[in-house]
Structures are given as structure tokens and as C-alpha cells.
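If you're matching positions, the sequence shown starts at 1158 in my numbering and goes up one per residue.
Glycine residues also receive a C-beta, built at the ideal position from the N, C-alpha and C atoms.
Computed from a predicted model, the values in this text were never measured in an experiment.
What follows is one structure encoded as C-alpha cells, with my remarks underneath.
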Amino acid sequence: MMYPVLKPAMPLAIALLGTWTLAGSAFAQETAPETPAMTGAEITLQTTMGDIVVTLDPAGAPKTAAQFLGLVKTGHYNGAAVYRIEPGFIIQLGDLDQKLDYRAPKLPPIELETSTNKHSRGAVALAHAEDPNSGQSTFYIDLDANPSLNATEGAAPNTTGYAVFGHVTAGMDVVDAIAAIELAPEGGPFPGKLPKVPVVVNKAVVTRE
């Protein structure tokens, strides 16, 4: 499993994020995120709350963008449920369905890519556990700028932070609506962060390549 500190008894790969602080992190606003110029594939996540369009950034994180695109093509994200919501921080999904059953990806983990891409509002990044090369299919969307998740300045390449491989280019209002859902006090790999009403990706579609 991919929890940096927590080690639940599930197979292989749900990961994310070491330590962080939300103090001083503004809650997501209705304004659209500043979207960097990208020319990669476009993926539409058709969720039960509405469509979220993610544009990949192969220049900034080529291996990670290719991993995500490959998993979309295998149908891995069809049926994936959001299982972690932290207002002002992230929403996370990828390897669990709405019953919280693990769904094994058909592609292996990949090495971390240090990138100049930053964790800005609307950034999409690959999660990993304590091993920086354990990222596989779990991903998250930044609800605000999260500089603590960027690569550490001066650190050896490909050893710190999380690889931003794309950006939400449409549907950030849907992301914000998901982040505003009432949370269950128990359940899920991150207790207190599971939405009471399941939010599911019905289908992930490549809408431009």
C-alpha cells in the first residue's frame, strides 16, 4: 500500500503525501485556476458530480503523463471513487471503488520525476508513499497552491516532492463542489476524509491526444 506513515492492510498502491500544514492555506475559491500552457492529451473524468477536464503536460513530466494516459486507456479509472477530501488542500482518488475495494492497476510503479511544475490550484499530481519511486495510479488534485508538495530546492533530482503531470483546464467548479461535500466521521483509509455520498468516476475518456 502506499501510505507514508499509515500502513493499512490492503495490497500495493494507494499512496500519498508525507507531512503538510493547512494553516494559512486559503480554501478553494470560485475563480478558475491559472492554467499553464500545455499541449498534451486531454482527459475527461466523467464523475457523478460533473465533468472534470485534465490536460496533461508531457514536457514537464513525460513519464508520469504517459503513465496516467496509459491507465486511462486500460479503463483503470472507470469506477474509481474519491476517498480523501481535505478542503483547502487536495482531493485524492485512483485505486479504490465506492465500496473501498482495491483495484489493481495494469501498469507498474514508475520513478519519480522532478519537475519545474508547481503545485498550484488545479494541478494534478501522482501520489507515492515513502519510496519516491512507488507512484503508480493514485492521483490528487490541488485545491489550492501547495508548495510543501513541490520538490525540495537543492535536493538530488527525482528524490523529493510529487510529480505534477497535468492541470484541470475545465470543471474546477466540479472539483470545488466535491471538496465541499459533507464528510463521514469514519471509514476509508483516511478517517474523517471520506465523502458521505460517494463521488465516482463513471468513465475516464481521452478527448484529445
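Check	Outcome
Which residues does DSSP pair with L1340 in a beta bridge?	P1352
Within the region 1284 to 1342, note down every full beta strand (DSSP E) run reaching 3 residues or more, in order along the chain.	1296 to 1299 and 1321 to 1327
For A1218, which of helix, strand or coil comes out of DSSP?	coil
If you check the beta carbons only, do I1267 and Q1224 fall under 9 Å apart?	yes
In the region 1211 to 1255, which residue ranges form an unbroken alpha helix (DSSP H) of at least 4 residues, counting only runs that do not cross its ends?	1219 to 1231
Just checking my contact of A1308 with T1295 at CB under 8 Å: how many whole Å lie between their CB atoms?	Their Cβ separation, rounded to whole angstroms, is 19 Å, which puts A1308 and T1295 out of contact at 8 Å.
Throw me the rounded Cβ distance for the S1272 and A1312 pair, which I believe falls under 8 Å.	Incorrect: roughly 13 Å between the Cβ atoms, too far for contact.
To the nearest whole angstrom, what separates the beta carbons of A1336 and L1306, a pair I think is in contact under 8 Å?	Going by Cβ atoms, the distance from A1336 to L1306 rounds to 16 Å, so no, they are not a contact pair.
Return the first residue and the last residue of the beta strand (DSSP E) that V1362 is part of.	V1358 to R1365
Compute the beta-carbon to beta-carbon distance between V1239 and I1200, rounded to the nearest angstrom, for a pair I have assumed lies under 8 Å.	16 Å between Cβ atoms; not a contact.
Here's the rule I'm using: 16 or more other beta-carbon atoms within 10 Å means buried, otherwise exposed. How should N1274 be labelled?	buried
Is the region 1322 to 1331 close to the region 1277 to 1284, with three or more CB pairs under 8 Å?	yes
Using DSSP bridges, identify the partner residues of G1207.	T1204
Is K1275 close to chain B? Criterion is C-beta to C-beta, closer than 9 Å.	Judged by its chain identifiers, the structure shown contains no chain B, having just a single protein chain.
Any idea what DSSP makes of E1268, helix, strand or coil?	coil
What is the C-beta distance between L1269 and G1292, in whole angstroms, given that I count them as a contact (C-beta under 8 Å)?	6 Å
Would DSSP call A1282 helix, strand or coil?	strand
With a 10 Å radius around its C-beta and 16 neighbouring C-beta atoms as the bar for buried, classify R1241 as buried or exposed.	buried
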